[in-house]
Amino acid sequence: MDRSPEALTWHYTIRQANYEVIVLDTRTWRGYPKHGNAISPPMLLCPSAFERQLRSPLQETDKSKIEATLVIAPTNIFSLKAIDWIQKWQLKQGKVFNSDVGDGWNINHAAKAELLATLFEKRDRIIVLSGDIHYSAAIRLDYWSHLTNKSHLLIQLTTSALKNSELMTQLIHTKLKSFLFPERKRYWIGSIDPPDEKEVKKLEDEDRSLSDWECRLQWIHRQPLQLPQWGKNLSWLKEQKRSTLWHWLLNLVQWLWQNRWFQDGKEVVGLNNLGYIQFIWSDNPSDRAVIQDNYWYTSWGRPRIALSRFKVLFKEIGD
């Protein structure tokens, strides 16, 4: 689609001596297939947007001077596998608006393949900060180029939202999701020209010989929850309402739901939360890491704040 010359510019780049922040606009620079139907998933960045927002900024600086590249993406690149299933099914049914089909990078495979290739063409290490999906999580993607024989790393940190939780995200916050539908490692192979990708169950030598790149996705587990001393007995936090008229079974369900053990899931923070990111930057590259702390309101006991931590190492890890 043609872009009006009067449209506002929402993307920009901030660069310091050894790091850079690239803020993407994936809302107003989308590309739509010429021969697709009205609900065909768009590219979140059209070809000219890829050039303006990514390629040009990444080419402005020698990558040897940049130790960390942060990319701010309004929507996440990778999501829960269950969400991928739901959105693909909704797309087949022609229902794309209720589940935000096309609002992420997971459906348009060519666009996602081009995004990864563009990022790793000029950088070896990328940290993506994202949100707007009603839960918080950390993901590690190891990417290997068969054309250059180099390995690359993408870390996706998602924090959402301060006030936007819903029943589904509250469920995936718990151990129930971790037990029934755990997030397992996922693998893709792909090509660069034309950009495309294919998910595979396992990386095989035969697949490697036919592709330009391969990657492995891994969800980083939450560390055991902590209760910061400052977050206990906060008088300004509102007490949860408790009814004395509930049936004993409902009370049992409520007790289980509000149980600390049950709420200490592994993969995501699905309650209203606030995220804080910090870096561990050692002289030894193998010790470097990024940490995302998510603070959320507990459902048990007196009103208090809990902390869930995700820690992602920069060093390459085995399968």
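Each residue of the sequence shown is one higher than the last, beginning at 7 in this note's numbering. Here a beta-carbon is modelled for each residue, glycine too, at the ideal position from N, C-alpha and C. Because the structure is a prediction, the values reported are computed rather than measured.
- Assignment of beta-bridge partners to Thr164 by DSSP yields Ser136 and Ala143.
- In this structure the segment 300-319 touches the segment 271-283; the number of beta carbon pairs closer than 8 angstroms is three or more.
- Per DSSP, the beta-bridge partners of Gln224 are Arg146.
- Where Thr175 is concerned, the enclosing alpha helix (DSSP H) starts and stops at Leu173 to Ile178.
- Taking a contact to require three or more Cβ pairs closer than 8 angstroms, the segment 62-75 and the segment 91-105 do not qualify as touching.
- Here the alpha carbon of Asn290 sits roughly 36 angstroms from the alpha carbon of Ile178.
- Contact between Thr164 and Gly137 holds: CB atoms are separated by about 6 angstroms, below the 8 angstroms threshold.
- By the Cβ test, the segment 313-323 is not in contact with the segment 188-207, since fewer than three Cβ pairs between them sit closer than 8 angstroms.
- Between Trp219 and Ala123, the C-beta spacing is below 9 angstroms.
- Contact annotation: the segment 148-155 touches the segment 209-225, with at least three C-beta pairs closer than 8 angstroms.
- Contiguous alpha helix (DSSP H) elements confined to the segment 49-98 occur at 62-65, taking only those with 4 or more residues.
- Look at Ser305 here: in three-state DSSP terms it is coil, with no helix or strand label.
- With contacts defined by Cβ atoms closer than 9 angstroms, Trp111 and Leu125 do not form a contacting pair.
- For Thr15 against Ile28, the beta-carbon gap comes to about 14 angstroms, at or over 8 angstroms, which does not count as contact.
- Setting aside the 5 residues that flank it on each side, Cys52 is surrounded in the same chain by Trp35, Arg36 and Gly37, each with a C-beta closer than 7 angstroms to its C-beta; the list follows chain order.
- The distance from the Cβ of Ile139 to that of Asn104 is about 15 angstroms, inconsistent with a contact at the 8 angstroms cut-off.
- When rounded, the separation of the alpha-carbon atoms in Tyr25 and Ile72 is 5 angstroms.
- DSSP places Asp213 in the uninterrupted alpha helix (DSSP H) bounded by Asp211 to Ser215.
- Under the DSSP assignment, Trp267 falls in the alpha helix (DSSP H) whose first and last residues are Arg266 to Gln269.
- In the displayed model, Gly100 falls within coil according to three-state DSSP, outside both helix and strand.
- When rounded, the separation of the alpha-carbon atoms in Val275 and Ser142 is 5 angstroms.
- In this structure Asp109 is buried. Its beta-carbon is surrounded by 16 or more other beta-carbon atoms within 10 angstroms.
- Going by beta carbons, Ile311 and Leu243 fall inside the 9 angstroms limit.
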